[in-house]
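Notes follow once the structure below has been shown.
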Ligand SMILES: *Cc1c(COP(=O)(O)O)cnc(C)c1O
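Residue numbers (the numbering used here): -18 to 400.
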């Protein structure tokens, strides 16, 4: 019974968030059928309300010109502030800890300018051995910029294993912590989907004197996060993956409240981080805004913020509790189908324990040529994601993916593997 289309459709009919699928544009195939889109971890789908939010800013720009900074229906001068509260809720932060600005890799550099302060005794940076390439380039270039070599410490899985063990992360911090200036970890890891206990890592890192930052590119809008309570120093994420805000859209960052008034911390400055009362005086010495806003440089791209605003309205209506609850069930259903129907053909490398993963499952095929199978399912309308050397990443996004999507994907994969 569980292995029928009718059962998947029944789960959809009972799904309290099922109606949200209609609030998104689902890409269509040439034959007019919707794609089985399981790639929200790479580019989230477009909410139908996005156009209206962007349209409004285009109209206000047309009607007001520069006066729109003050007189647009949503004035552009404080526009980023309209996003802060809702974004903070998504990641479990206080508003003063969050700002939407720049893009992810840029924000990582700006945050490292402040929180990576190497000395002769303590200059190393700890990352995952399979960290996202951009993060690795960013930290390597920071090491080089400060004139350090061999400063990268990598968390590697044990021989023959794919996931990192928490006890090994702890042992590394314990052993090398005195030389580590910064711990920068992706949560979840983009490749394996493994979620780390960031609160524990922060505790241990801080006990050794390290700064702790988290890359939440795959976490924001996916995991149930409590950034303030986790006590990490900073985090950064993008908004075009699970946050559905459009290709290359503006990113966001978190700087813990404990640093809100640490004006002595070095930082790169720009006018948008300056005291709002005197920003247009244009004469004063830099006077940073307390909290994350004080790290802003430029006036932000309003059209992109409008798309984020449209998306945040949906997240705010649903709430991360309900979203995460559905996500756990939807991914659990995917796991169940794979384990019962394709046990011998597919290895799920993502952790089995739901709190140690988000919605994504990373699959390795034990039989057949992975890349060929991936191309075959793509031909049949599945949009997923292939990562060298041999992983298919499947991310059912709980806002718009259905149980039927998950069912279709598993059936298509099964048929292709049987060929
Ligand atoms: C998607 C992703 C990026 C992309 O960075 P951009 O600056 O937004 O291009 C970086 N790091 C991780 C971990 C990612 O998943």
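Virtual Cβ for every residue (Gly too), placed ideally from N, Cα, C.
Can residue i and residue j be called in contact, C-beta distance under 9 angstroms?
i	j	result
residue 72	residue 200	yes
residue 244	residue 215	no
residue 375	residue 19	yes
residue 30	residue 279	no
residue 340	residue 311	yes
residue 238	residue 75	yes
residue 132	residue 105	yes
residue 229	residue 89	no
residue 87	residue 272	no
residue -1	residue 383	yes
residue 188	residue 158	yes
residue 277	residue 254	yes
residue 288	residue 269	no
residue 210	residue 180	yes
residue 164	residue 85	no
residue 60	residue 281	yes
residue 145	residue 305	no
residue 318	residue 344	no
residue 241	residue 218	no
Mind reading off the beta-carbon distance from residue i to residue j? Whole number of angstroms is fine, and I expect it under 8 angstroms.
i	j	result
residue 314	residue 372	About 21 angstroms separates the two Cβ atoms, so there is no contact after all.
residue 358	residue 38	Not quite, the Cβ-Cβ distance comes to about 39 angstroms (not below 8 angstroms), so this is no contact.
residue 398	residue 348	7 angstroms
residue 170	residue 109	6 angstroms
residue 26	residue 381	6 angstroms
residue 411	residue 338	The displayed coordinates of the chain run from -18 to 400. Any statement about residue 411 would go beyond what the structure contains.
Would you list the residues sitting across from residue i in a DSSP beta bridge?
i	result
residue 80	234
residue 23	Residue 23 pairs with nothing; no bridge assigned.
residue 286	DSSP, once it has assigned bridges, lists no residue as partnering residue 286.
residue 150	Residue 150 is not bridged to any residue.
residue 18	364
residue 194	165 and 215
residue 345	328
residue 391	BP columns for residue 391 are empty, so no partner.
According to the neighbour-count rule (16 or more other Cβ atoms, all chains shown, within 10 Å of its Cβ), is residue i buried or exposed?
i	result
residue 152	exposed
residue 252	exposed
residue 274	buried
residue 227	buried
residue 391	buried
residue 100	exposed
residue -13	exposed
residue -9	exposed
residue 3	exposed
residue 379	buried
residue 324	exposed
residue 118	exposed
residue 400	exposed
residue 54	exposed
residue 220	buried
residue 396	exposed
residue 141	exposed
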